[in-house]
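J.: My questions will all concern the structure given below.
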Ligand code: BG6
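Residue numbers (the working numbering): 324 to 830.
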């Protein structure tokens with residue numbers, strides 16, 4: 324177990340990376356959807372921006388039986404159109420970095436030929452950084468790490484990147500963490516949540532902790548509630564095999580939405596080392612009030628989309644989506660929408676609900692954090708509305724502060740809510756990097772700040788598990804909502820009960 328005593332240098336949380344990295348990047352699941360749509364384009368951008376040294380290699384592992392030339396041809400055909408190729412020679416140089424090694428995922432333990440081919444390719448480069456990126460199903464994480472160890476491929480400069488989902492509940496997550504932790508030191512393990520690579524998410528930290536004006540009012544005295552939404556227009560065509568077993572709670576809430584919640588609610592870190600931010604995030608997860616048993620019905624909503632209409636016409640329901648197998652009982656029970664009223668039991672947030680919501684086939688693609696302030700204590704004007712801060716992750720990343728202003732005119736004073744608006748796209752001319760690009764650069768720099776630590780992932784599952792088990796033991800099916808609508812009626816009642824409404828319903 325060479326990798327036990329990591330020699331990865333300690334880096335400060337937001338350190339500037341050195342100019343170019345020399346590494347062997349081995350991607351398991353290297354010809355899969357994630358790799359072709361996100362990882363390879365992100366690596367191309369890194370190359371184009373000069374962050375990969377000429378020696379850096381990208382090695383895709385898959386059962387595809389491809390040669391290097393086949394794989395390069397596949398990337399040329401499928402990725403070239405996704406990225407700006409201004410310089411064909413540069414593109415050819417990037418293709419030259421690509422290699423392919425065939426390994427059978429199902430037969431990981433016995434596929435000697437595959438492991439020998441990888442060993443031969445890596446031989447002689449032991450001093451380089453090695454990144455093993457596991458973009459493969461979570462049940463392969465343990466076996467792959469064991470194989471890497473047995474083949475002697477885990478060096479002190481190695482890192483392993485784990486894609487979500489990390490397990491399907493707390494026990495399975497713990498098992499994976501134990502298996503991976505037996506080979507790699509925690510400092511070498513990078514559990515990825517691509518939401519943490521989004522610009523606005525990092526800007527949330529800057530907004531909160533690099534400006535003095537927000538902190539005094541960032542608490543239950545001034546904030547009424549917070550809404551965290553990740554709404555998608557896409558459905559799940561071709562993904563039923565995965566989605567039936569996941570559902571919106573495991574797919575989006577356990578990771579992405581809870582990460583957004585922790586960054587919104589965490590205390591200012593006392594130190595600036597790489598663990599300080601993660602220490603504060605985990606405290607938020609540990610302070611979440613459990614939702615269990617009969618409370619689950621009151622504080623959570625689940626829905627499933629049915630056939631509906633959108634801008635592009637008729638849209639299938641979840642059960643009618645194209646899939647390789649017909650729907651099962653699990654398909655009928657899985658939620659494609661969920662909304663939850665969460666509470667954080669600490670001094671700062673006591674009594675402030677955090678509403679989490681995500682769903683597929685909603686009318687608009689929108690991810691945002693909305694901080695709804697309380698009304699003025701005593702109003703001298705009619706018709707005011709409380710302030711609201713909107714941090715938009717997509718479609719157009721930006722920040723809006725909704726304030727009250729006087730509508731111009733003589734006569735009565737008429738108030739109007741108007742946004743003070745910052746659009747990153749318009750304010751900064753620099754290209755906004757894709758989340759994966761930032762995160763891959765951090766992996767190469769050995770900077771784990773924007774990755775989930777073991778205790779964080781497990782604390783998130785600890786909160787999610789009782790909700791999952793109440794849903795699983797309930798005879799009720801998810802509430803239907805037609806594709807192209809804003810979700811089931813229950814989601815509106817969840818806020819309506821306390822006289823609140825989702826942000827877009829009030830706009
Ligand atoms: C992934 C989920 O993690 O995030 C997908 O598995 C989801 O179901 C995606 O569509 C959303 O990411 P983004 O960046 O498009 O909001």
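Each residue gets a CB set at the ideal place from its N, CA and C atoms; glycine is no exception. Every value quoted in this text rests on a predicted model; they were computed, and no experiment measured them.
#1: Report yes if the C-beta distance between residue 718 and residue 688 is below 7 Å; otherwise report no.
#2: Under the assumption that residue 709 contacts residue 567 (Cβ atoms under 8 Å), give the Cβ distance between them as a whole number of angstroms.
#3: Return the first residue and the last residue of the alpha helix (DSSP H) that residue 363 is part of.
#4: Report yes if the CB atom of residue 464 is closer than 7 Å to the CB atom of residue 499, and no otherwise.
#5: Pick helix, strand or coil for residue 606, following the three-state DSSP scheme.
#6: Work out the CA separation of residue 423 and residue 676 for me, nearest whole Å.
#7: State yes or no: is the C-beta of residue 574 nearer than 6 Å to some heavy atom of the ligand BG6?
#8: Along the chain, where does the alpha helix (DSSP H) that runs through residue 531 open and close?
#9: How big is the Cα-Cα spacing for residue 690 and residue 528?
#10: I need the straight-line Cα distance from residue 790 to residue 462, nearest angstrom please.
#11: Between 738, 762 and 593, which has its C-alpha nearest residue 485's C-alpha?
#12: If you draw a straight line from the alpha carbon of residue 807 to that of residue 684, how long is it in whole angstroms?
#13: Pick out the complete alpha helix (DSSP H) segments inside the region 428 to 510, 4 residues or longer, and give them in chain order.
#14: In the region 636 to 685, which residue ranges form an unbroken alpha helix (DSSP H) of at least 4 residues, counting only runs that do not cross its ends?
#15: Quick one: residues in its chain with C-beta nearer than 6 Å to the C-beta of residue 577, no 5 flanking neighbours on either side, listed in chain order?
#16: What separation, rounded to the nearest whole angstrom, lies between the Cα atoms of residue 330 and residue 480?
#17: Shortest alpha-carbon distance to residue 587 belongs to which of 572, 706, 552 and 728?
#18: Can you look up residue 787 in the DSSP assignment and give me helix, strand or coil?
#19: On the three-state DSSP scale, how would you describe residue 328?
#20: Taking the continuous beta strand (DSSP E) assigned at residue 421, which residues delimit it?
#21: Can you tell me where the beta strand (DSSP E) holding residue 621 begins and where it ends?
#22: Is the region 374 to 383 close to the region 402 to 409, with three or more CB pairs under 8 Å?
#23: With C-beta atoms as the reference, is residue 682 less than 7 Å away from residue 810?
#24: To the nearest angstrom, report how far apart residue 565 and residue 571 are at their CA atoms.
T.: Considering the structure as presented:
#1: With contacts defined as CB atoms closer than 7 Å, residue 718 and residue 688 qualify as a contacting pair.
#2: 41 Å between Cβ atoms; not a contact.
#3: Per DSSP, the unbroken alpha helix (DSSP H) holding residue 363 starts and ends at 363 to 371.
#4: Yes, they are a contact pair.
#5: When secondary structure is reduced to three states using DSSP, residue 606 falls in the helix class.
#6: Near 49 Å, if we compare the C-alpha coordinates of residue 423 and residue 676.
#7: Checking the Cβ of residue 574 against the ligand BG6 gives yes.
#8: Residue 531 -> alpha helix (DSSP H) spans 522 to 532.
#9: A straight-line Cα-Cα distance of about 17 Å links residue 690 and residue 528.
#10: Each residue's Cα considered, the two are about 23 Å apart.
#11: The shortest C-alpha separation from residue 485 is found at 762.
#12: Between the alpha carbons of residue 807 and residue 684 lies a distance of about 6 Å.
#13: Along the region 428 to 510, the alpha helix (DSSP H) occurs as fully enclosed runs of 4 or more residues at 435 to 445, 464 to 473 and 493 to 504, listed in sequence order.
#14: Counting whole runs of 4 or more residues, the region 636 to 685 contains the alpha helix (DSSP H) stretches 652 to 656.
#15: Cβ neighbours of residue 577 beyond the five flanking positions: 783 and 787.
#16: Legend: pLDDT at residue 330 = 46, less than 50; position of this residue unreliable, no value from coordinates given.
#17: Closest in C-alpha terms to residue 587, from the list 572, 706, 552 and 728, comes 552.
#18: Three-state DSSP puts residue 787 in a helix.
#19: Residue placement at residue 328 is poorly supported in this model, since its pLDDT is 38, which falls under 50; the coordinates still yield a value, given next. Residue 328: coil per DSSP, three-state reduction.
#20: Boundaries of the beta strand (DSSP E) around residue 421: 421 to 425.
#21: Here residue 621 belongs to no beta strand (DSSP E); instead the alpha helix (DSSP H) covers 618 to 622.
#22: No, the region 374 to 383 is not in contact with the region 402 to 409.
#23: For residue 682 and residue 810, yes; Cβs fall inside 7 Å.
#24: Rounded to the nearest angstrom, the two C-alpha atoms are 11 Å apart.
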